[in-house]
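**Q** Sharing a structure here in structure tokens format.
Residue numbers (our numbering): 132 to 500.
Below is the structure:
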């Protein structure tokens with residue numbers, strides 16, 4: 132999210148609109164601070180001192196507005212701190228979704244979708260003649276009756292023939308089970324570049340998209356560093372990186388296990404990472420680590436997992452947020468092994484790239500090759 136600060140112009144916005152813009156900024160700060168309300172408020176206070184963001188509102192009044200909106204509440208410990216509410220977490224997801232869709236609209240990326248005409252359930256807005264086997268629920272009553280009346284306007288002897296019937300054209304869609312893998316290794320904040328916040332924004336936005344637009348789809352999120360573990364969507368704002376290596380194999384293995392429980396034909400893994408694999412678990416359970424170059428021992432085990440995913444019909448889409456030559460070489464090998472997809476997107480385009488891939492490919496039936 133890019134924020135450009137300029138002189139505050141209260142005359143241009145109503146009080147409600149102004150408060151809404153402040154809520155959006157606070158929502159982003161919450162994502163940046165991993166859900167730490169007090170730290171986000173501290174940032175808000177500093178920004179207000181420098182740019183007069185609140186105009187004639189005090190920080191105390193802004194905090195009161197956040198409470199009234201149900202976004203934050205007093206900490207149960209009674210120490211004067213604040214906590215993020217469930218509504219506040221939902222607000223972060225909604226703002227993340229709006230931010231990415233806003234970028235999609237500006238970039239005009241909608242033309243990348245590849246719809247397949249078929250017997251699905253989503254209307255395209257076009258009508259066609261009825262053919263045997265069409266679902267009755269797709270019949271357009273208005274155009275059907277119009278055709279019948281144009282053929283014979285005698286209401287006393289009204290009749291309807293098959294030739295009169297018009298139906299909505301539909302697009303083939305199917306439910307999709309997705310596991311989103313987020314890299315939380317130390318490199319995601321290394322060298323002063325914050326890569327975890329854009330990654331979290333994508334996870335938050337994708338979860339909100341699926342819950343609101345594709346409720347039959349399933350999304351699970353897992354984090355991978357030295358090891359891999361699943362996190363609840365509601366925990367996403369609080370995700371932080373750690374002093375971890377990158378155990379890509381463990382992440383892919385857990386993702387495959389989660390998708391296996393789901394069953395179904397359409398299963399995919401979205402992996403957001405900036406680092407080459409640098410760790411695996413040995414058969415003894417010991418973590419083997421090597422951060423120097425591409426260790427064949429680690430790479431081969433990781434590629435084996437990509438092949439296992441392919442055999443189970445699971446497609447891996449890898450989204451790169453770095454262009455390290457070692458990383459590019461590894462991703463090319465992994466993509467070839469899985470016959471999946473790879474995207475080398477900058478942090479600014481990560482959200483758009485993930486969303487275009489998700490929306491486009493949920494209209495397809497994945498085929499194991």
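C-beta atoms are modelled at their ideal positions from N, C-alpha and C, and glycine is treated no differently.
From this set, 375, 388, 454 and 460, which residue's C-alpha is nearest residue 422's C-alpha?
**A** 375
**Q** Helix, strand or coil for residue 360, going by three-state DSSP, please let me know.
**A** Reduced to three states, the DSSP call for residue 360 is strand.
**Q** According to DSSP, which residues form a beta bridge with residue 399?
**A** 309 and 446
**Q** Have a look at residue 279 and residue 291 and give me their C-alpha separation to the nearest angstrom.
**A** 6 Å
**Q** Quick check: the segment 339–355 against the segment 146–154, are at least 3 beta-carbon pairs closer than 8 Å?
**A** no
**Q** Exposed or buried, which one is residue 456 when buried takes at least 16 other CB atoms within 10 Å?
**A** Residue 456 should be labelled exposed.
**Q** Pull up the CB-CB distance for residue 450 and residue 231, whole angstroms please, since I reckon it's below 8 Å.
**A** The pair is not a contact, with the Cβ atoms about 13 Å apart (cut-off 8 Å).
**Q** Residue 386 to residue 217, Cα distance in whole Å?
**A** 26 Å
**Q** Between the Cα of residue 357 and those of 349, 426 and 378, spot the shortest distance and give me the residue it belongs to.
**A** 378
**Q** Relative to the C-alpha of residue 482, which candidate in 233, 173 and 187 has its C-alpha closest?
**A** 233
**Q** Kindly indicate which residue of 417, 446 and 412 has the alpha-carbon position closest to the one of residue 432.
**A** 412
**Q** So residue 468 and residue 434 are supposed to be a Cβ contact under 8 Å. How far apart are they, rounded?
**A** 5 Å
**Q** Hey, out of 177, 382, 406 and 415, whose CA is closest to residue 400's CA?
**A** 382
**Q** Would you decide whether residue 245 is buried or exposed? Buried here means 16 or more other CB atoms lie within 10 Å of its CB.
**A** Legend: pLDDT at residue 245 = 32, less than 50; position of this residue unreliable, no value from coordinates given.
**Q** By the three-class DSSP mapping on this structure, what secondary structure does residue 507 have?
**A** The structure shown does not extend to residue 507, since the chain spans only 132 to 500, so no value can be given for it.
**Q** Per DSSP, which one or two residues make a beta bridge with residue 270?
**A** 298
**Q** For the candidate residues 296, 480, 453 and 447, whose alpha-carbon lies nearest to that of residue 464?
**A** Considering only alpha carbons, the answer is 447.
**Q** Can you tell me whether residue 425 is helix, strand or coil according to DSSP?
**A** coil
**Q** What first and last residue would you give for the alpha helix (DSSP H) that runs through residue 195?
**A** Its alpha helix (DSSP H) spans residues 190–199.
**Q** For the beta strand (DSSP E) holding residue 205, just list the boundary residues, first then last.
**A** 203–205
**Q** Would DSSP call residue 470 helix, strand or coil?
**A** coil
**Q** Could you check if residue 295 is buried or exposed, using at least 16 other CB atoms within 10 Å of its CB as the buried criterion?
**A** buried
**Q** Confirm, please, whether the CB-CB distance from residue 308 to residue 444 is below 8 Å.
**A** no
**Q** Quick check on the DSSP output: the alpha helix (DSSP H) that includes residue 489 runs from which residue to which?
**A** For residue 489, the uninterrupted alpha helix (DSSP H) run begins and ends at 481–492, by DSSP.
**Q** Straight-line CA distance for residue 453 to residue 258?
**A** 46 Å
**Q** Are the CB atoms of residue 441 and residue 470 within a distance shorter than 8 Å?
**A** yes
**Q** Alpha carbon to alpha carbon, how far is residue 220 from residue 363?
**A** The straight-line gap from Cα to Cα measures roughly 12 Å.
**Q** What whole-angstrom Cβ distance do residue 193 and residue 185 have, given they're in contact under 8 Å?
**A** Residue 193 to residue 185, Cβ: 6 Å. Contact.
**Q** Find the nearest neighbour of residue 334 within the set 347, 317 and 361, judged by alpha-carbon distance.
**A** 361
**Q** Of the choices 380, 180 and 490, whose alpha-carbon is the least far from that of residue 439?
**A** Minimum Cα distance to residue 439 is reached at 380.
**Q** Could you spell out the range, first to last residue, of the alpha helix (DSSP H) harbouring residue 154?
**A** Annotation for residue 154: the continuous alpha helix (DSSP H) segment containing it runs 146–163.
**Q** From which residue to which residue does the alpha helix (DSSP H) around residue 182 run?
**A** For residue 182, the uninterrupted alpha helix (DSSP H) run begins and ends at 168–182, by DSSP.
**Q** Assuming residue 453 is part of the alpha helix (DSSP H), what are its boundary residues?
**A** Careful: residue 453 lies outside any alpha helix (DSSP H) and carries neither H nor E.
**Q** Since residue 161 and residue 215 are thought to touch, with beta carbons under 8 Å apart, how far apart are those beta carbons, to the nearest angstrom?
**A** 7 Å
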